[in-house]
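In what follows, a structure is listed as structure tokens, so that the remarks can point back to it.
There are 2 protein chains.
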Amino acid sequence: MSTTGPVPSPAHSSAGASPGTVLVVGAGLVGASIGLGLRPTGTDVVLHDASPTVAAVAADLGAGRLPDRRDDDAGPDLVVVAAPPDVTAGLVVAYLGRYPDAVVTDVASTKAAVVAEVVARAGADAHRYVGGHPMAGRERSGPMAARGDLFVGRPWVLTPAPGTSPAATALVRETAARLGAVVVELDPATHDDSVALVSHLPQVAASLVAARLVGASDSAVALAGQGLRDVTRIAASDPVLWAQILAGNAAPLAHQLRLLRDDLDRTLAALEQLDPDRADGPAAGGTVADGLDGGAGRADGPPVRVAGPVGTLARLVADGNAGRAMVPGKHGSAPTVYAVVPVLVPDRPGSLAALIGTIGEVGVNIEDLRIEHSPGRLAGVAEVSVVPAARDRLVEALTERGWSVPD
Amino acid sequence: MSTTGPVPSPAHSSAGASPGTVLVVGAGLVGASIGLGLRPTGTDVVLHDASPTVAAVAADLGAGRLPDRRDDDAGPDLVVVAAPPDVTAGLVVAYLGRYPDAVVTDVASTKAAVVAEVVARAGADAHRYVGGHPMAGRERSGPMAARGDLFVGRPWVLTPAPGTSPAATALVRETAARLGAVVVELDPATHDDSVALVSHLPQVAASLVAARLVGASDSAVALAGQGLRDVTRIAASDPVLWAQILAGNAAPLAHQLRLLRDDLDRTLAALEQLDPDRADGPAAGGTVADGLDGGAGRADGPPVRVAGPVGTLARLVADGNAGRAMVPGKHGSAPTVYAVVPVLVPDRPGSLAALIGTIGEVGVNIEDLRIEHSPGRLAGVAEVSVVPAARDRLVEALTERGWSVPD
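Line by line, the protein sequences give chains A and B. Note that the first sequence ends on residue 407 in the numbering used here; no numbers are left out. Note that the second sequence ends on residue 407 in the numbering used here; no numbers are left out.
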């Protein structure tokens with residue numbers, strides 16, 4: 001079950017080498033997307049799944065091939081374990097043993113526990129294991145939801161341990177890069193703290209808000225708008241998968257939830273002060289300004305003011321503004337790899353067809369297109385996504401031909 | 001400052017009448033959108049704003065006209081107070097006094113306090129006041145973000161009091177209907193309880209999650225994905241406006257927040273049980289199934305099982321699934337008034353232009369269009385939004401011409 005030392009195969013003996021054959025274990029959304037993305041690069045992708053039907057569907061979609069006689073002779077250069085988190089470590093250990101020349105990586109969304117278990121159980125084989133976590137997903141799961149560009153422009157975290165072979169890390173890094181991902185190396189604990197904040201905390205918050213709707217009156221939910229829809233979108237996630245993910249990152253997530261609960265308690269105390277049935281009097285109200293500029297006193301200014309409850313609420317929303325401003329890619333849903341060119345489209349029949357025709361004449365490929373329809377205004381705005389290299393050429397050509405391209 | 005009794009003007013003396021002249025007080029997002037939406041119906045819209053610049057910008061956008069000599073002779077039939085919530089009641093009372101023949105409505109997002117203050121201060125004039133709340137908004141504010149179709153397909157709550165003139169309610173109802181809104185009548189307290197759940201609770205949750213990002217490391221926020229973006233989108237809202245809104249609905253919102261905190265405390269307790277540094281032992285883990293099917297015992301079944309911590313987490317996400325499924329219009333961002341026709345577009349240059357051309361030949365107007373670009377698959381899907389009446393005709397025509405229109 002273990003080799004006697006580092007025996008890198010020729011295919012991954014140098015940094016930047018790419019795998020000839022990749023075995024994807026688990027042909028769901030992530031596994032099938034890896035196959036769809038690697039196949040056009042000439043990689044031989046073999047698909048395995050505990051469900052033969054899932055593997056067959058992924059193969060039919062073009063994500064790879066099912067195992068055949070070829071695979072009896074030669075093992076894969078790389079095994080990607082893309083299975084549920086609670087079986088990941090066991091599968092990694094098993095495949096390290098089965099293919100003594102292969103590098104093994106995984107895609108589990110928490111890393112410290114998986115890495116620790118592999119190191120403890122795989123012995124010397126562990127030097128061929130590189131922990132990984134592609135930060136990409138969709139609301140839908142399964143191979144039917146797979147996309148070859150799922151990882152384009154997305155972070156792909158690698159968590160090599162001190163004993164990990166640099167050649168193994170280089171092979172996984174090259175594979176992730178071929179899928180268009182932005183490779184980031186973190187130690188497992190830092191990774192887990194980070195995803196507790198940016199992934200698991202929002203999931204719990206979305207589920208908590210959505211759970212409050214159970215039993216609500218039809219007339220109440222009929223008033224729901226885009227805000228509630230956005231906040232609760234990821235509440236549609238799979239309960240079994242997410243219970244595993246949250247449980248696998250219990251301590252870092254609990255830390256974040258305690259901090260959020262402290263802020264919640266402050267918010268609740270402010271609201272209870274403002275409740276006419278609970279408050280001591282109208283003087284308890286305070287003003288918005290108390291919260292926005294009264295948080296700290298200046299040495300040469302007036303004495304520190306204690307924020308009133310309205311100020312506390314304004315401070316919460318303002319802190320939310322500051323946090324929201326840190327979220328990358330906040331101005332649109334198009335992948336950041338595309339440039340977005342806005343074009344004014346007159347509200348006349350044929351305008352959109354004329355625009356599309358013009359872009360075709362210019363020879364620029366439309367990667368994505370969104371139109372905001374706005375009756376009552378004189379023109380709509382079409383947002384045309386193109387590869388960044390084509391952006392300037394398109395803007396120039398459209399402007400020459402009389403289209404209005406706002407800054 | 002008050003009339004001696006109900007003196008409906010001719011313009012609103014019967015149900016279904018529409019106002020000839022509407023005075024919009026506050027020319028921001030909502031006020032200017034009302035103007036943009038009403039003008040094409042032949043309504044004379046007069047704009048007023050505490051900021052003359054805001055009023056002038058809204059007028060330039062086509063939302064209405066500034067007051068002139070005409071307005072010295074005749075008052076408006078309807079006054080819409082679209083000002084910040086903390087000055088709404090005072091403005092309603094002032095305009096009821098200034099125009100003794102006019103109906104006055106408002107757009108403030110909480111109703112019980114506004115209605116109570118108007119009734120207390122306006123005396124007999126209060127019969128001409130109809131509380132209102134159009135449930136529509138955007139991340140951006142101000143007249144530049146206004147759209148004539150902002151209210152199309154959206155709920156517009158009216159909260160008439162027992163003493164409100166039926167003719168006044170009918171006039172406001174007709175005005176909201178002309179803007180494409182779905183008019184709903186609720187008593188003020190039910191309205192406030194409902195928006196606490198579907199609007200204010202998600203706002204607080206979004207702000208709480210976003211506020212946690214302040215001070216986070218760059219490497220952590222670099223891992224953020226669409227989930228965090230969606231959950232925190234509305235955290236970009238205006239702090240001053242939202243502090244007023246939340247404070248104005250303190251008691252119903254505090255009630256919802258206490259319920260959410262109870263669920264949060266249960267989640268936190270489960271995570272702390274799973275933390276290896278805190279738990280009594282691995283037996284504390286439990287299984288996912290404990291939560292999903294062990295919530296209640298059956299009379300003729302096995303004894304009630306107590307859910308383990310993993311089961312508690314699965315139960316939270318499953319409850320979130322159930323709540324999420326209640327959110328209306330969850331399958332897309334297009335207004336529900338449009339029908340969405342998905343069309344497979346082959347990944348070849350010119351395919352999209354050919355599709356748009358075909359739709360033009362069929363004579364159907366494209367209201368909205370989205371394309372999902374998916375390299376690695378053989379075709380993309382264009383989602384074409386059209387008016388519902390044109391849907392069947394378009395599907396038939398596209399199918400006849402060889403386009404693939406999946407169900």
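Built from N, CA and C at the ideal position, the CB exists for glycine as well.
| Query | Result |
| --- | --- |
| With 16 other Cβ atoms within 10 Å as the buried cut-off, status of residue 30(B) | buried |
| Alpha helix (DSSP H) segment containing residue 425(A), residue limits | Outside the modelled stretch of chain A, which goes from 1 to 407, sits residue 425(A), for which no answer is possible. |
| Inter-residue CB distance, residue 173(A) and residue 183(A) (contact presumed, cutoff 8 Å) | 5 Å |
| Per-residue contacts from residue 232(B) into chain A (C-beta, under 8 Å) | 202, 320, 323, 324 and 327 |
| Secondary structure, beta strand (DSSP E): runs of 3+ residues fully inside the stretch 150–198 of chain B | 155–159 and 182–185 |
| Chain-ordered neighbours of residue 157(A) on chain B, where CB pairs are closer than 9 Å | 223 |
| Interface flag, residue 296(A) vs chain B, CB-CB below 8 Å | Annotation note: pLDDT 39 at residue 296(A) (below 50); position unreliable, no value reported. |
| Residues bridged to residue 370(B) (per DSSP) | 370(A) and 383(B) |
| Nearest neighbour of residue 362(A), chosen from 368(B), 350(B) and 366(B) [CA to CA] | 350(B) |
| Separation of residue 62(B) from residue 244(A), as counted between CA atoms | 55 Å |
| Counted within 10 angstroms of its Cβ, other Cβ atoms place residue 258(A) as buried (16 or more) or exposed | exposed |
| Exposure label - residue 396(B); buried when at least 16 CB within 10 Å | exposed |
| The ligand FMN heavy atom lying under 7 Å from the CB of residue 338(B) | Summarising the ligand content, the structure contains no ligands, and the ligand FMN is consequently not present. |
| Rounded straight-line distance, which links the Cα of residue 145(A) to that of residue 325(B) | 20 Å |
| Pick from 115(A), 207(A) and 317(A) that is closest to residue 230(A), judged by C-alpha positions | 207(A) |
| Nonlocal neighbours in the same chain, by C-beta distance under 7 Å from residue 210(A), ignoring five residues either side | 232 and 235 |
| Residue 157(A) and residue 197(A) closer than 8 Å at C-beta | no |
| Bridge-paired residues (DSSP) for residue 106(A) | 81(A) |
| DSSP-derived helix/strand/coil call for residue 69(A) | coil |
| Classification of residue 160(B) by the beta-carbon crowding that lies within 10 angstroms, buried from 16 upward | buried |
| Residues near residue 118(A) by beta carbon distance below 7 Å, same chain, minus five either side | 89, 92, 93, 126 and 129 |
| Chain-ordered residues of the stretch 126–146 of chain B with a beta carbon less than 8 Å from chain A | 135, 136 and 137 |
| Proximity test, Cβ basis, 8 Å: residue 47(A) and chain B | no |
| Contact with chain B by residue 92(A), beta-carbon distance below 8 Å | no |
| Residue 19(B) versus 199(B), 178(B), 115(B) and 202(B), residue with shortest Cα-Cα distance | 178(B) |
| Contacts of residue 26(A) in chain C (Cβ-Cβ under 9 Å) | Reference to chain C is not applicable here, since the protein chains of this structure are A and B. |
| Whole-angstrom distance between residue 219(A) and residue 23(B), CA atom to CA atom | 30 Å |
| C-alpha distance - residue 342(A) paired with residue 390(A), whole-angstrom precision | 14 Å |
| Contact list for residue 267(A) against chain B, beta-carbon separation under 8 Å | 204, 208 and 257 |
| Closer than 8 Å to chain A by CB, residue 408(B) | Outside the shown range of chain B, which is 1 to 407, sits residue 408(B), and nothing can be said about it. |
| Own chain, CB closer than 6 Å to residue 364(B), minus 5 neighbours either side, in chain order | 386, 390 and 394 |
| Residue range of the beta strand (DSSP E) that includes residue 344(B) | 339–346 |
| 7 Å CB neighbourhood of residue 55(B) in its chain, flanking five on each side removed | 27, 47, 48, 49 and 66 |
| Within-8 Å CB hit, residue 263(B) to chain A | yes |
| Residue 239(B) at chain A interface by Cβ criterion, 8 Å | yes |
| Sequence-distant residues of the same chain with beta carbon closer than 6 Å to residue 313(A), five excluded per side | 270 |
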